[in-house]
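Colleague: Got a structure for you, questions after.
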Amino acid sequence: MTTNKTTISTFKYGSWVLASSLLLSSCSDEPTTPSTDKKVAEQVNEHSKPVVYQVFTRLFGNTQTANIPWGTKEQNGVGTFSDFNDTALSGIKELGTTHIWYTGVLHHALVGDYSQYGISQDDPDVVKGRAGSPYAIKDYYDVNPDLAINPERRLEEFAALIERTHRHGMKVVIDIVPNHVARHYQSTAKPAGVKDFGEQDDTSVEYARDNNFYYVTGQSFQVPTIENYQVLGGNAHPLADNLFAETPAKWTGNGARAAKPDINDWYETVKVNYGVKPDGSYDFPTLPDEYATKDLRAHFEFWQDKELPNSWYKFRDIALYWLDKGVDGFRYDMAEMVPVEFWSFLNSSIKMHNPEAFLLAEVYNPALYRPYIQQGKMDYLYDKVGFYDTLKAVMQGTQPADTIFNAQQKVADIEQHMLHFLENHDEQRIASPDFAGSSEKGKPALVVSNLISRAPTLLYFAQDVGEDGSEDAGFGKPTRTSIFDYIGVPAHQAWMNNGKFDGALLTPAQGQLREYYKAVMALSKHPAVVAGDMQPLMVTGSEKVAAFSRSIGNQQIWVVSNFAEQVSQISIDIPLNTLTQNTSEKLQLLDLLEANQNAELTITAEQAHISLTLNALSSAVLTTGAHNEK
-13 MTTNKTTIST FKYGSWVLAS SLLLSSCSDE PTTPSTDKKV AEQVNEHSKP
37 VVYQVFTRLF GNTQTANIPW GTKEQNGVGT FSDFNDTALS GIKELGTTHI
87 WYTGVLHHAL VGDYSQYGIS QDDPDVVKGR AGSPYAIKDY YDVNPDLAIN
137 PERRLEEFAA LIERTHRHGM KVVIDIVPNH VARHYQSTAK PAGVKDFGEQ
187 DDTSVEYARD NNFYYVTGQS FQVPTIENYQ VLGGNAHPLA DNLFAETPAK
237 WTGNGARAAK PDINDWYETV KVNYGVKPDG SYDFPTLPDE YATKDLRAHF
287 EFWQDKELPN SWYKFRDIAL YWLDKGVDGF RYDMAEMVPV EFWSFLNSSI
337 KMHNPEAFLL AEVYNPALYR PYIQQGKMDY LYDKVGFYDT LKAVMQGTQP
387 ADTIFNAQQK VADIEQHMLH FLENHDEQRI ASPDFAGSSE KGKPALVVSN
437 LISRAPTLLY FAQDVGEDGS EDAGFGKPTR TSIFDYIGVP AHQAWMNNGK
487 FDGALLTPAQ GQLREYYKAV MALSKHPAVV AGDMQPLMVT GSEKVAAFSR
537 SIGNQQIWVV SNFAEQVSQI SIDIPLNTLT QNTSEKLQLL DLLEANQNAE
587 LTITAEQAHI SLTLNALSSA VLTTGAHNEK
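According to the numbering used here, the residues represented by the sequence shown are -13 to 616, in order.
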């Protein structure tokens, strides 16, 4: 492990190196031609490598530290839109952020009383937690009143946040949850002429094409029960009586058809009908196979003369409404539970309205990756089942480091569309005992995850300061930061420093971790990282070290990450046909990240290899650039 002094000097060095490496790393024994430069520039411009900062909006600005399980907003505190001030946004930007995904913005079901603002109360019997799930949307045309200083002006306060975010050079992403809505959906902010979900449904039948919901005819909804669970943790509430009036009962969000769903079902939500009949057959036209290779305009035109289920139009109108409000894109929750044809319709409509819109989808079934990209016209999908799961196993020491390449190879043809992450609101914090038990173990994973491909990277707030998610907020279990309750996030609060956002309360280890994140994410601008080809490399000396090269034109880097908790002395075989320079010599390599000075590249007519010593949980991002300067 490096000392604090060494670590700090490393980051300063790495920053200088990065600034110069864009020129230096393109140098070789053969002069770079203008045509080569132009080709590289075109490739880099053709691709982008977004960095998405996911923030749980109500938790970000909360300064209170009581952290009472099931605590009220008054007891445990809540952050607001206004907490994202210029200083906070500058701090987010420092991580290389291009897009901020403000999670939990839309008005979802919650236990608090906002009846004075004309908002109906939600029944805690069908709300998870006290603050409520952000994925049980109650009003698609409104924002969460918890997030406003003045709830009456909540939409104006969100509009101001959008403007501030744009002023700092970042774009705004919010959730759309197409598969389900809150069991008590009621919009108070919808534009004139818009009908609520279910308002015009024929509730006498289980299914009709233009119904927004599915119905359990002849039966009333019953609140699920289980022996060891009490609503609000047993705290009193006038509506917490194990009753919720709904006749006929609706299908639950995950598709459960019982009038009394299981406690593990998504009972706080109801499933939206997209024209999929109860037997699974479709009540809408399917896309011809050739549309997998057709552009957005062709998809848009295909749907113009079709009669489609009512829910399709509702969600199209919702998406366009928010685009007109200044939102730049959407993250789609559980997109695979909605037919791919709907995505073709919605996403082509969005892109015709705003060609630059950012579209990210949660899809976990690898068999659906290509259909949802090619036919569904998604920009990006989660690479969870595959890359994330493999990388997690490597971090936990249960798989060799080179298994990541098998996972990466499975999506090689679509790798630029597969979003990488180490944390998000659904996953355990790296530092939690059930994951890695230490934020330091996330450092080599961050390097590999961010640099292995053209895929965008998602960072979850407080990941960069080692939050462990250990707080018991109420609904759900620790290891994840709660998405259901009011809670403080200690490591993040240390960086936030009571609204100063200067990191003054961070421990030295937390501060060094954040600086490391900044240094790694700064490498996202390197042309080889943005658009380069990836080549796995064979490592001798440790099965806990992963190595690969990225190259474009004459620019090349070698990335080496040590997942072991001890020093590793290794040798890396470099295929001669992957080298962008053809000199036969021994070169001292330049490390763009941690300034390792002990890396050598040896090139002969027969072979090439890199010799390197890496500290525990350390990485090197190597180039010959500085040694080829003319």
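Where is the CB? At the ideal position from N, CA and C, for every residue including glycine.
DSSP has I558 in a bridge; who is on the other side?
Modeller: What you label residue 558 is simply residue 572 of the sequence shown in a count that begins at 1. According to DSSP, which records beta bridges pairwise, I558 is partnered with V525, I596.
Colleague: Using three-state DSSP, classify V326 as helix, strand or coil.
Modeller: Mapped onto the sequence shown, residue 326 falls at position 340. Helix at V326.
Colleague: Residue range of the beta strand (DSSP E) that H478 falls in?
Modeller: Residue numbering aside, residue 478 sits at position 492 when the sequence shown is read from its first letter. Taken as a continuous stretch (DSSP letters only), H478 belongs to no beta strand (DSSP E), being part of the alpha helix (DSSP H) at 476 to 482.
Colleague: Ignore the nearest five residues each way along the sequence and tell me which others in G423's own chain have a CB closer than 8 Å to its CB.
Modeller: The residue given as residue 423 occupies position 437 in the sequence shown. Counting only Cβ-Cβ distances below 8 Å, and skipping sequence neighbours, we find A417.
Colleague: Suppose the cutoff is 8 Å on Cβ atoms and the five residues either side in sequence are ignored; what does the same chain contact list for F199 look like?
Modeller: In the sequence shown, counting from the first residue as 1, residue 199 sits at position 213. The answer, listed in chain order, is F183, G184, D187, K236, W237, V256, K257, V258, N259.
Colleague: Name the two residues that bound the continuous beta strand (DSSP E) containing V545.
Modeller: Position 559 of the sequence shown, counted from the first residue, corresponds to residue 545. Run containing V545: 541 to 548, per the beta strand (DSSP E) assignment.
Colleague: Within a Cβ cutoff of 7 Å, which residues of the same chain sit near F461, ignoring the five residues on either side of it in sequence?
Modeller: Taking the first residue of the sequence shown as 1, we reach residue 461 at position 475. For F461, where only same-chain residues beyond five positions count, the Cβ hits under 7 Å are K114, G115, F470, D471.
Colleague: Is G315 helix, strand or coil when you go by DSSP?
Modeller: Residue 315 sits at position 329 when you count from the first residue of the sequence shown. Correct three-state label for G315: strand.
Colleague: Does DSSP classify D161 as helix, strand or coil?
Modeller: As a first step, residue 161 is located in the sequence shown; it is residue number 175 there, counting from the start. DSSP places D161 in strand when its eight states are reduced to three.
Colleague: Inspect the beta-carbon positions of I148 and V313 and report whether they are closer than 8 Å.
Modeller: Locating residue 148 in the sequence shown gives position 162, counting from the first residue. Locating residue 313 in the sequence shown gives position 327, counting from the first residue. Yes, the pair counts as a contact, with Cβ atoms nearer than the cut-off.
Colleague: Around the C-beta of M404, are 16 or more other C-beta atoms found within 10 angstroms, so that it is buried, or is it exposed?
Modeller: Position 418 of the sequence shown, counting from 1, holds the residue named residue 404. By the 10 Å Cβ count, M404 comes out buried.
Colleague: Assign A226 to one of three DSSP states: helix, strand, or coil.
Modeller: Sequence index remark: in the sequence shown, residue 226 carries index 240 (1-based). Residue state, collapsed to three classes: coil.
Colleague: Measuring straight from C-alpha to C-alpha, what distance separates K300 and I556?
Modeller: Along the sequence shown, read from residue 1 onward, the residue named residue 300 stands at position 314. Along the sequence shown, read from residue 1 onward, the residue named residue 556 stands at position 570. Distance between the alpha carbons of K300 and I556 is about 58 Å.
Colleague: For a minimum of 3 consecutive residues, which ranges assigned as the beta strand (DSSP E) are wholly contained in the region 89 to 173?
Modeller: DSSP runs (the beta strand (DSSP E)) wholly in the region 89 to 173: 92 to 94, 123 to 129, 157 to 162, 166 to 168.
Colleague: Can you find at least 3 beta carbon pairs, one from the region 533 to 541 and one from the region 502 to 519, that sit closer than 8 Å?
Modeller: Yes, the region 533 to 541 touches the region 502 to 519.
Colleague: On the criterion of 16 or more Cβ atoms from any shown chain inside 10 Å, does M524 qualify as buried, or is it exposed?
Modeller: Stepping through the sequence shown from its first residue, residue 524 is reached at position 538. Looking at its Cβ environment, which holds fewer than 16 other Cβ atoms inside 10 Å, M524 is exposed.
Colleague: Please work out which residues of its chain come closer than 6 Å, Cβ to Cβ, to S547, disregarding the five sequence neighbours upstream and downstream, and give them in chain order.
Modeller: Looking up residue 547 in the sequence shown gives position 561. So the qualifying residues of the chain are P430, V433, V434, A532, S605.
Colleague: For the beta strand (DSSP E) that contains K572, what are its first and last residues?
Modeller: The sequence position of residue 572 within the sequence shown is 586, counting from 1. Taken as a continuous stretch (DSSP letters only), the beta strand (DSSP E) holding K572 covers 572 to 574.
Colleague: Straight-line CA distance for V191 to Y201?
Modeller: Walking along the sequence shown from the start, residue 191 turns up at place 205. Walking along the sequence shown from the start, residue 201 turns up at place 215. Roughly 7 Å between the two C-alpha positions.
Colleague: What residues in its chain sit with their C-beta under 6 Å from that of A52, if we drop five residues either side in the sequence?
Modeller: Here residue 52 is taken as the residue at index 66 of the sequence shown, counted from 1. Within the same chain, A52 has close Cβ partners Q61, N62.
Colleague: Quick check: the Cα distance between L141 and L133, rounded to an integer number of angstroms?
Modeller: Taking the sequence shown and counting its residues from 1, one reaches residue 141 at position 155. Taking the sequence shown and counting its residues from 1, one reaches residue 133 at position 147. Taking the straight line from one Cα to the other gives about 10 Å.
Colleague: For a test of the three-state rule: what should DSSP assign to H403, helix, strand or coil?
Modeller: As a first step, residue 403 must be located in the sequence shown, where it is residue number 417. Residue state, collapsed to three classes: helix.
Colleague: Taking only three categories from DSSP, how would you classify I469?
Modeller: The sequence position of residue 469 within the sequence shown is 483, counting from 1. I469 falls in the coil class under three-state DSSP.
Colleague: Is the separation between the beta-carbon of S510 and that of G527 shorter than 8 Å?
Modeller: For the purposes of this step, residue 510 is identified with residue 524 of the sequence shown, where counting begins at 1. For the purposes of this step, residue 527 is identified with residue 541 of the sequence shown, where counting begins at 1. Result no, Cβ atoms of S510 and G527 do not sit closer than 8 Å.
Colleague: Kindly indicate which three-state DSSP category H285 falls into: helix, strand or coil?
Modeller: Start at 1 with the first residue of the sequence shown, and residue 285 comes out as number 299. In this structure, H285 counts as helix in the three-state DSSP scheme.
Colleague: Span of the beta strand (DSSP E) holding L367?
Modeller: Stepping through the sequence shown from its first residue, residue 367 is reached at position 381. Per DSSP, L367 belongs to the beta strand (DSSP E) from 366 to 368.
Colleague: In the DSSP assignment, find the beta strand (DSSP E) that holds A347 and state where it starts and stops.
Modeller: On the sequence shown, residue 347 is found 361 positions in, with the first residue counted as 1. Looking at the DSSP string, the run of the beta strand (DSSP E) that includes A347 is 344 to 347.
Colleague: Pick helix, strand or coil for Y201, following the three-state DSSP scheme.
Modeller: Within the sequence shown, numbered from 1, the residue matching residue 201 stands at position 215. Strand at Y201.
Colleague: Within the present structure, is the beta-carbon of Y318 separated from the nearest heavy atom of the ligand MN by less than 7 Å?
Modeller: The ligand MN is absent from the structure shown, which contains no ligand whatsoever.
Colleague: Taking the beta carbon of H170 as the centre, do at least 16 other beta carbons fall within 10 Å, making it buried, or is it exposed?
Modeller: For this step, residue 170 is matched to residue 184 along the sequence shown. Counting Cβ neighbours within 10 Å, H170 comes out buried, since at least 16 surround it.
Colleague: Determine which residues share a DSSP beta bridge with V617 and list them.
Modeller: This structure cannot speak to residue 617, because the chain is shown only from -13 to 616.
Colleague: Using beta-carbon positions only, say whether P164 and Y307 come within less than 8 Å of one another.
Modeller: Within the sequence shown, the letter at position 178 stands for residue 164. Within the sequence shown, the letter at position 321 stands for residue 307. Their beta carbons are not under 8 Å apart, which means P164 does not touch Y307 by this criterion.
Colleague: Drop a sphere of 10 angstroms on the beta-carbon of Q593, count the other beta-carbons inside from all chains shown, and report buried for 16 or more, exposed for fewer.
Modeller: Along the sequence shown, read from residue 1 onward, the residue named residue 593 stands at position 607. Exposed is the call here.
Colleague: At which residues does the alpha helix (DSSP H) containing Y307 begin and terminate?
Modeller: Start at 1 with the first residue of the sequence shown, and residue 307 comes out as number 321. Taken as a continuous stretch (DSSP letters only), the alpha helix (DSSP H) holding Y307 covers 296 to 310.
Colleague: Could you check where the alpha helix (DSSP H) with E586 kicks off and where it finishes?
Modeller: The sequence position of residue 586 within the sequence shown is 600, counting from 1. Looking at the DSSP string, E586 is not in any alpha helix (DSSP H); the run it does join, the beta strand (DSSP E), is 586 to 589.
Colleague: Distance check for P522 and S535, CA to CA, integer angstroms please.
Modeller: Mapped onto the sequence shown, residue 535 falls at position 549. Mapped onto the sequence shown, residue 522 falls at position 536. Approximately 7 Å between the Cα atoms of the pair.
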